[in-house]
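Visitor:
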Amino acid sequence: MFPVVLTGGQVGGLELDDRTLVVRAQEGDVRAFEVLARRHQGALYRLALRVTGDPDAAGEALREALLAAWRQLDRFPADAAFSTWMYRIVTDRCAAVLRRRPAREADPGPRAAPADSAYRDAGLDAEQAELRRAVRGLPYDQRVCWVLRELEGMADADVAEITGAGEGAVRDRVRQAWVRLAEVVVDATVRRLADEPVEPPPPVLDAVLEAVRAELRPQATLALESPLGANRLGHPAAAAVLRAVVDAVGGLRARSCRIVQEQGPAADVALTVVAPFGADLAAVAAEARRTVLAAGAQVLGVPLRRVDIEVVDLWTAP
Amino acid sequence: MDGPVSESSAERAAPVRLHVTEAAVASIAAATTVGVPGVATALTSDAVSGGAATDGSATSEAAAVAMTVEMTVEVAIAARLGHNCRDLAAAVQEAVGRAVAEQTGRPARVTVTVADVILE
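Which chain is which? The protein sequence lines are A and B, in order. Count along the first sequence from 1, then add 59; that gives the number in the numbering used here. Just so you know, the numbering used here puts 35 at position 45 of the second sequence, and the rest follows in order with no gaps.
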């Protein structure tokens, strides 16, 4: 019997790159999505907080954005960065949340914030409080462009990609925003605000993951033989197991995992992997193939007829 | 006067009709499922073809028909790492089928879906 090495916490422990995690999540791997969400939620919340100016609205926008991202993963552009894609979803959700809260939007005056809030007024100087109020008073399009450009430090091209506006329109919006803000702020205040630490995001992720798991109904399944009638194994679950065993082989990182079971109990597997730079690709692929075959029989209970492994990229240790 | 105890005429005329709801069958399935070693969680359990209905009159033709109609029970589980998914699914299938049959008096066709494998 070939030993199957499969340890727990693989996804979190391997520091997988965003692209690998996105591919896994697109195939229904909730753990991969969770790692992505945990990795980016701080920056996403900071953006939402800066755009909405309201911790409650920002938390609501973050929750809606993460759930929307899970549901729209199949539409994730192959050449996009996950962070850019998520920024776009967050700004969309911020707009939706603010539309539902017109009263608060129209009255951006000081509000009692928690003592540890990044938006606490008491501990910050009056200029920054004034700046926040002025930012909240900007038209939404100008506000988003200005926050992304001046507080998040993004290039015009990135802001354009996130907002869907052209670069010229982005520059115009930022310029118009500055005209309005110049009445109340100076550059130094903006720089202080940009450098200001932002409180950690509210605990919305657990609720998002709970909703995601509740929606998870494996559409594609593999048949499991049984004398009492065939049972089923969800494709995402089987793929997660096979990816985990590949992750334990010679520094490989599994990306996609397609499993096809057309006739009879045997299945064919096609995996794409990222391999470490300098590795003997033929050797590690052969070892991965052996361990996948063993996992099929020993862990899944599905005999594997064919295992194809395609190296799609190389990674180097940082 | 001493004599043999006999059923009353009312009891003979009105046999007991037992109806077990889908929710009850699903509860039997869920409780049985989590007791199978290797099952981390019973994610869902549904009796999809209606509850069990048996007529207390053993000679009733209708009851005999009801007793032979299989219920279909669907169970979804998360499996613990270290258990073969095929064998675990078969064990759950057998245990749930037996428990439902014992408690409702009706056979059940059970299908188990291993929807997740807990890798931690």
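Virtual Cβ for every residue (Gly too), placed ideally from N, Cα, C.
So which residues of chain B does GLY288 (chain A) contact, with C-beta pairs closer than 9 Å?
Guide: Those are GLN83, ARG99, VAL100 and THR101, listed as they occur along chain B.
Visitor: Taking the alpha carbon of GLU220 (chain A) as the reference point, which residue from A:ASN290, A:GLU255, A:ALA140 and A:VAL238 has its own alpha carbon closest?
Guide: That would be A:ALA140, whose Cα lies nearest to the Cα of GLU220 (chain A).
Visitor: Please list, in chain order, the chain B residues whose beta carbon lies closer than 9 Å to that of GLN357 (chain A).
Guide: Going along chain B in sequence order, the residues near GLN357 (chain A) (Cβ under 9 Å) are ASN74.
Visitor: Does the beta carbon of VAL29 (chain B) come closer than 8 Å to any beta carbon on chain A?
Guide: No, VAL29 (chain B) lies away from the interface with chain A (no Cβ there is under 8 Å from its Cβ).
Visitor: Tell me which same chain residues have a C-beta within less than 8 Å of the C-beta of LEU33 (chain B), skipping the five on either side of it?
Guide: Closer than 8 Å at the Cβ level, and outside the excluded window around LEU33 (chain B), lie ALA66, ILE67, ALA68, ALA105 and ASP106.
Visitor: Excluding sequence positions up to five away, which residues of its chain have a Cβ less than 6 Å from the Cβ of LEU373 (chain A)?
Guide: ALA334 and PHE336.
Visitor: Using 10 angstroms around the beta-carbon of HIS9 (chain B), count the other beta-carbons present and answer buried if the total reaches 16, otherwise exposed.
Guide: That one is exposed.
Visitor: If you compare alpha carbons, which of B:SER17, B:VAL24 and B:ALA30 is closest to ILE108 (chain B)?
Guide: Taking only the C-alpha atoms, the option nearest ILE108 (chain B) is B:ALA30.
Visitor: What residue from A:GLY87, A:VAL110 and A:ALA116 has the CA that sits closest to ARG147 (chain A)'s CA?
Guide: The residue with the shortest Cα to Cα distance from ARG147 (chain A) is A:VAL110.
Visitor: Mapping DSSP to helix, strand and coil, what is ARG192 (chain A)?
Guide: Three-state DSSP puts ARG192 (chain A) in a helix.
Visitor: What is the DSSP secondary structure of MET213 (chain A), reduced to helix, strand or coil?
Guide: Coil at MET213 (chain A), not helix or strand.
Visitor: Please report the residue range of the beta strand (DSSP E) in which GLY293 (chain A) lies.
Guide: That run of the beta strand (DSSP E) goes 290 to 293.
Visitor: Which residue from B:MET61, B:ALA21, B:GLY28 and B:VAL26 puts its Cα closest to that of ALA37 (chain B)?
Guide: That would be B:MET61, whose Cα lies nearest to the Cα of ALA37 (chain B).
Visitor: Throw me the rounded Cβ distance for the ASN290 (chain A) and ALA79 (chain B) pair, which I believe falls under 8 Å.
Guide: Their Cβ separation, rounded to whole angstroms, is 4 Å, which keeps ASN290 (chain A) and ALA79 (chain B) in contact under 8 Å.
Visitor: With DSSP as the reference, label SER285 (chain A) as helix, strand or coil.
Guide: In the structure shown, SER285 (chain A) sits in coil (DSSP, three-state: anything other than H, G, I, E or B).
Visitor: Since TRP374 (chain A) sits in a beta bridge, which residues does DSSP pair it with?
Guide: A:PRO335, per the DSSP bridge assignment.
Visitor: Could you tell me which of A:ALA356, A:GLU189 and A:ALA128 sits nearest to LEU240 (chain A), measuring between CA atoms?
Guide: Checking every option, the nearest Cα to that of LEU240 (chain A) belongs to A:GLU189.
Visitor: Work out the CA separation of VAL351 (chain A) and LEU301 (chain A) for me, nearest whole Å.
Guide: Answer to the nearest angstrom: the Cα atoms are 6 Å apart.
Visitor: Against chain B, does VAL300 (chain A) count as a neighbour if the rule is that its beta carbon must be under 8 Å from one of theirs?
Guide: Judged by the 8 Å Cβ criterion, VAL300 (chain A) is in contact with chain B.
Visitor: Give a yes or no on whether 8 Å exceeds the smallest Cβ distance from GLY25 (chain B) to chain C.
Guide: Absent from the structure: chain C. Protein chains present are A and B.
Visitor: If we cut at 8 Å on Cβ distances, does ASP36 (chain B) have a partner in chain A?
Guide: Closer than 8 Å: no.
Visitor: Residues in its own chain within less than 7 Å of ILE368 (chain A) by CB, not counting five upstream and five downstream?
Guide: Closer than 7 Å at Cβ, skipping near neighbours: LEU330, VAL332, ALA344, ALA347 and ARG348.
Visitor: If we ignore side chains and look at the alpha-carbon of each, how far apart do ASP77 (chain A) and ALA247 (chain A) end up?
Guide: C-alpha separation (whole angstroms): 35 Å.
Visitor: Measure the Cβ-Cβ separation of LEU210 (chain A) and ALA253 (chain A) and say whether it is below 8 Å.
Guide: The answer is yes: Cβ separation under 8 Å.
Visitor: So which residues on chain A does VAL107 (chain B) lean against when the C-beta distance must stay under 7 Å?
Guide: Chain A residues near VAL107 (chain B): ALA296, ALA299 and VAL300.
Visitor: Using DSSP with H/G/I as helix, E/B as strand and the rest coil, what is VAL82 (chain B)?
Guide: In the structure shown, VAL82 (chain B) sits in a helix (DSSP, three-state: H, G or I).
Visitor: Tell me the rounded alpha-carbon separation between TRP237 (chain A) and LEU207 (chain A).
Guide: Between TRP237 (chain A) and LEU207 (chain A), the C-alpha separation is close to 13 Å.
Visitor: Can you find a C-beta in chain B that's less than 8 Å from the C-beta of ALA165 (chain A)?
Guide: Unreliable positioning characterises ALA165 (chain A) in this predicted model, as indicated by a pLDDT of 40, which lies under 50. A coordinate reading is not provided.
Visitor: Just to make sure I have the definition right: I need the residues of chain A whose C-beta is within less than 9 Å of the C-beta of ALA19 (chain B). Which are they?
Guide: Result: empty, since nearest Cβ-Cβ is about 14 Å, beyond 9 Å.
Visitor: Flag this pair as yes or no: are the beta carbons of LEU287 (chain A) and GLY87 (chain B) separated by less than 8 Å?
Guide: Yes. Within cutoff.
Visitor: Can you check whether the CB of ARG160 (chain A) is closer than 8 Å to the CB of ALA127 (chain A)?
Guide: In this structure, ARG160 (chain A) does not lie closer than 8 Å to ALA127 (chain A) by Cβ.
Visitor: Any C-beta of chain A sitting closer than 8 Å to the C-beta of ALA14 (chain B)?
Guide: No, because no Cβ of chain A sits closer than 8 Å to the Cβ of ALA14 (chain B).
Visitor: Against ALA80 (chain B), what residues of chain A qualify as contacts under a CB-to-CB distance less than 9 Å, listed in chain order?
Guide: Within chain A, the residues near ALA80 (chain B) are LEU283, GLU284, SER285, PRO286, LEU287, ASN290 and GLY360.
Visitor: Count the other CB atoms within 10 Å of the CB of ALA341 (chain A); is the residue buried (16 or more) or exposed (fewer)?
Guide: Its Cβ having fewer than 16 others within 10 Å, ALA341 (chain A) is exposed.
Visitor: Kindly indicate which three-state DSSP category ARG317 (chain A) falls into: helix, strand or coil?
Guide: Of the three classes helix, strand and coil, the one that applies to ARG317 (chain A) here is strand, per DSSP.
Visitor: Here's the rule I'm using: 16 or more other beta-carbon atoms within 10 Å means buried, otherwise exposed. How should VAL6 (chain B) be labelled?
Guide: So VAL6 (chain B) ends up on the exposed side.
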